[in-house]
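The structure appears below as structure tokens.
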Amino acid sequence: MPAATSSSRPIPASAGIGLRAAHHADFLEARPDIPWVEVHSENFFADGGRQLQLLDTIRHDYGLSLHGVGLSLGSTDPLDGEHLRRLARLVRRVEPALVSEHVAWGSVAGTFLNDLLPMPCTSEALAQLVSRVGQVQDLLGRQILVENVSSYLQFAGNEMTEWEFLVALARRAGCLLLLDVNNIFVNASNHGFDPLAYLDAIPPELVAEYHIAGHSVVAAAGETLLVDTHDAPVAAAVWQLFAAALLRIGRRPVLLERDARLPPLAALIAEARLADRLMEAGRARVA
Amino acid sequence: MPALRELQRDIVAVMLNRAEPATLVCHLQPAIDLARRIGVYRVNTRENFATALEAAFPVLAGQMGGTEFRRMAWSYQRHHPSPSGNLFETGRALPGFLAKALAGSVDAWLAELARLEWAVQEAMTAADSGEQFDPAVIAGMAAEARSQLRLVLHPSVRLLALDYPCFDSWRSHQQGGRADAPARACAEHLLVRRASDGVELHRLDPAGFLCLSRLAAGATLAEAMAALEYQAGAADAAAGLARWAADDIIIGTLCPPSTGEPATLPGDGPGGNR
Chain A
413 MPAATSSSRP IPASAGIGLR AAHHADFLEA RPDIPWVEVH SENFFADGGR QLQLLDTIRH
473 DYGLSLHGVG LSLGSTDPLD GEHLRRLARL VRRVEPALVS EHVAWGSVAG TFLNDLLPMP
533 CTSEALAQLV SRVGQVQDLL GRQILVENVS SYLQFAGNEM TEWEFLVALA RRAGCLLLLD
593 VNNIFVNASN HGFDPLAYLD AIPPELVAEY HIAGHSVVAA AGETLLVDTH DAPVAAAVWQ
653 LFAAALLRIG RRPVLLERDA RLPPLAALIA EARLADRLME AGRARVA
Chain B
65 MPALRELQRD IVAVMLNRAE PATLVCHLQP AIDLARRIGV YRVNTRENFA TALEAAFPVL
125 AGQMGGTEFR RMAWSYQRHH PSPSGNLFET GRALPGFLAK ALAGSVDAWL AELARLEWAV
185 QEAMTAADSG EQFDPAVIAG MAAEARSQLR LVLHPSVRLL ALDYPCFDSW RSHQQGGRAD
245 APARACAEHL LVRRASDGVE LHRLDPAGFL CLSRLAAGAT LAEAMAALEY QAGAADAAAG
305 LARWAADDII IGTLCPPSTG EPATLPGDGP GGNR
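Top to bottom, those sequences are chains A and B.
Its first residue numbered 413, the first sequence is counted upward by one per residue in our numbering.
Its first residue numbered 65, the second sequence is counted upward by one per residue in our numbering.
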């Protein structure tokens with residue numbers, strides 16, 4: 413399987429932003445000094461039109477990552493052939509440096525929830541995902557990254573921890589990991605585990621990218637639930653966990669996700685650069 | 065049934081309100097407030113769906129108001145849950161759903177507005193065309209060959225015959241105004257297409273609509289032009305054709321098929337073209 417690289421601009425171990433439609437015009441006008449951006453693959457599944465022209469423009473000057481949210485990798489349905497065809501067509505067209513999806517499911521019997529539901533950590537679910545990641549990688553002819561998702565439920569039939577499940581998936585499917593630090597933090601709080609134990613269990617060589625994002629805190633009925641809303645700045649505790657990930661795993665491309673209550677583009681980029689400063693500080697300490 | 069499939073079917077049923085959250089308890093580890101945790105996913109499922117629809121049907125959403133639009137969106141989701149991981153597809157069945165739900169009511173025009181907005185969505189995402197059509201090519205052809213020619217429309221072109229005139233409402237919304245309901249039902253023929261700076265709508269007269277619909281259906285130039293020439297005369301019809309070519313609505317020619325049945329023409333059957 414080819415490595416997760418392509419002929420497009422490479423993505424350095426620096427901060428990038430998730431580029432959303434509300435920022436498209438500002439981004440094209442400002443051409444900000446940021447090395448890479450990530451877009452949701454499905455937003456560019458059109459046959460033609462302005463959206464695709466935007467990607468054609470951006471990819472010449474910026475590293476580009478395609479991040480899927482709708483493939484439903486963990487579903488027990490067959491993979492959606494039309495979805496895969498459109499993804500493959502987009503990958504051929506824009507030659508992204510990275511292609512990623514989620515360790516999640518969102519459909520069964522042809523009905524889609526368009527949400528990222530967690531997988532039970534069972535050998536059956538693992539085998540399902542290994543098979544499907546393999547199919548996707550074979551079809552795209554390249555290695556993909558898979559991202560750990562936030563969750564609010566744990567399954568009674570779990571046979572292993574989430575991190576054991578994730579590492580086994582990457583090893584058996586031959587894919588790489590997109591480690592979402594905010595999701596680790598959210599899940600650790602919601603399910604009561606130590607997020608540092610999670611990080612300690614992840615082999616650095618499997619990690620190709622980080623995500624960081626904001627979350628919401630919902631307190632009621634005697635418990636506090638963290639919800640992965642992507643509608644707020646990154647929490648201080650998540651920055652601390654990101655610093656811990658840098659110490660254990662090292663520098664990688666890091667992507668700031670923001671999907672709601674979007675701040676102005678310049679403010680979003682300024683927040684992303686905090687990740688660069690943390691990575692620089694870590695390098696200085698090592699030196 | 066394998067455990068994973070059973071689990072996924074049960075969860076989907078709960079998320080779409082087809083089963084009670086309690087049916088999931090056997091699959092889940094205990095938590096202090098399990099219902100609220102399940103509720104996060106139920107809210108996501110509904111909100112993601114409604115938000116995608118709102119983005120695809122902004123004029124309709126503005127006309128209905130946020131609360132009513134969301135109520136309608138969730139009802140639509142129960143009848144037509146998303147068929148794809150690509151949220152764009154969620155809107156495809158909405159005009160038909162509204163046509164049924166609103167038939168005979170004072171809001172029946174909203175179904176036609178939804179048809180218009182879906183055509184705008186399709187035009188926005190249709191394939192590009194690198195072709196440039198020179199009408200002089202036609203002028204230089206022998207009359208017999210010209211009459212058998214089949215023309216190609218830009219992939220983004222959508223032709224709509226609406227039962228209510230929605231053009232003014234749509235345009236008013238684009239200009240930041242209020243999209244008022246049409247005063248009464250009456251036919252309106254529209255051409256929707258993507259131009260270099262966005263999607264455009266144009267009113268068509270019935271003959272122009274019929275001519276373009278016939279071309280879109282694969283009719284020969286002679287068959288399509290007959291409608292225009294009957295109403296406007298040969299010279300004006302030719303001028304209309306040249307204008308469509310200059311505007312990139314017609315983008316090329318197809319060779320006439322050597323064999324086979326003639327195309328079924330719009331307007332030949334009862335009810336005309338929709």
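Built from N, CA and C at the ideal position, the CB exists for glycine as well.
Along chain A, in chain order, which residues have C-beta atoms closer than 8 Å to that of B:V76? S519, V520, A521, T523 and L525
The alpha helix (DSSP H) that contains A:Y610, what's its start and end? P607 to D612
Given a threshold of 16 other Cβ atoms within 10 Å of its Cβ, counted over all protein chains shown, does B:C250 qualify as buried or as exposed? exposed
Counting only C-beta atoms, is A:V639 closer than 8 Å to chain B at any point? yes
Closer than 8 Å, CB to CB, is A:H642 near chain B or not? no
Quick one: does B:Q127 have its CB under 8 Å from some CB of chain A? no
So if I threshold CB-CB distances at 7 Å, which residues from the region 445-476 of chain A count as touching chain B? E454, F457, A458, D459, G460 and G461
To be precise: take each residue of the region 484-506 of chain A, compare its Cβ to all Cβ atoms of chain B, and keep it if any distance is under 9 Å. Which residues remain? S484, G486, S487, T488, D489, D492, E494, H495 and R498
Using a Cβ cut-off of 9 Å, pull out every chain E residue sitting near A:P532, in sequence order please. The structure shown contains no chain E; its protein chains are A and B.
The alpha helix (DSSP H) enclosing B:I202, as first and last residue numbers: A200 to A203
Pick helix, strand or coil for A:Y622, following the three-state DSSP scheme. strand
Go ahead and label A:D363 buried or exposed: buried means 16 or more other beta carbons lie within 10 angstroms of its beta carbon, across all protein chains shown. Since the displayed chain A opens at 413 and closes at 699, residue 363 of chain A lies outside it and no answer follows.
Which value, in whole angstroms, describes the spacing of the CA atoms of A:G480 and B:E293? 51 Å
Determine the burial state of B:T87: buried for a count of at least 16 other Cβ atoms within 10 Å of its Cβ, exposed for fewer. exposed
Unbroken alpha helix (DSSP H) runs of length 4 or more, entirely within the region 186-239 of chain B: which are they? 200-203, 207-211 and 231-238
Supposed contact pair B:L285 and B:L213 - C-beta distance, whole angstroms, cut 8 Å: 4 Å
Within 8 Å of any Cβ in chain A, is that where the Cβ of B:N150 sits? yes
Nearest residue (CA-CA) to A:A568, options A:S628, A:P530, A:L557 and A:L552: A:P530
What is the DSSP secondary structure of A:E367, reduced to helix, strand or coil? Any property of residue 367 of chain A remains undetermined from this structure, which presents chain A solely from 413 to 699.
Pick from A:F524, A:L659 and A:S628 that is closest to A:A648, judged by C-alpha positions: A:S628
Classification of B:C230 by the beta-carbon crowding that lies within 10 angstroms, buried from 16 upward: buried
Assess contact between the region 581-600 of chain A and the region 608-628 of chain A, defined as three or more Cβ pairs (one per stretch) separated by less than 8 Å. Is contact present? yes
Alpha-carbon spacing of A:V548 relative to A:G586, whole angstroms: 12 Å
Is there a C-beta anywhere in chain B that falls below 8 Å from the one on A:Q547? no
Using 8 Å as the limit for Cβ to Cβ distance, is A:L529 near chain B? yes
Beta-carbon proximity list for A:V449, same chain, < 7 Å, skipping 5 on both sides: G428, I429, L431, I470, Y474 and L476
Whose Cβ in chain A lies nearer than 9 Å to the Cβ of B:I102? Y564 and L565
To which residues of the same chain is A:A687 closer than 6 Å at the C-beta, ignoring the five residues directly before and after it? A427 and V666
Would you list the residues sitting across from A:F524 in a DSSP beta bridge? A:S519 and B:S146
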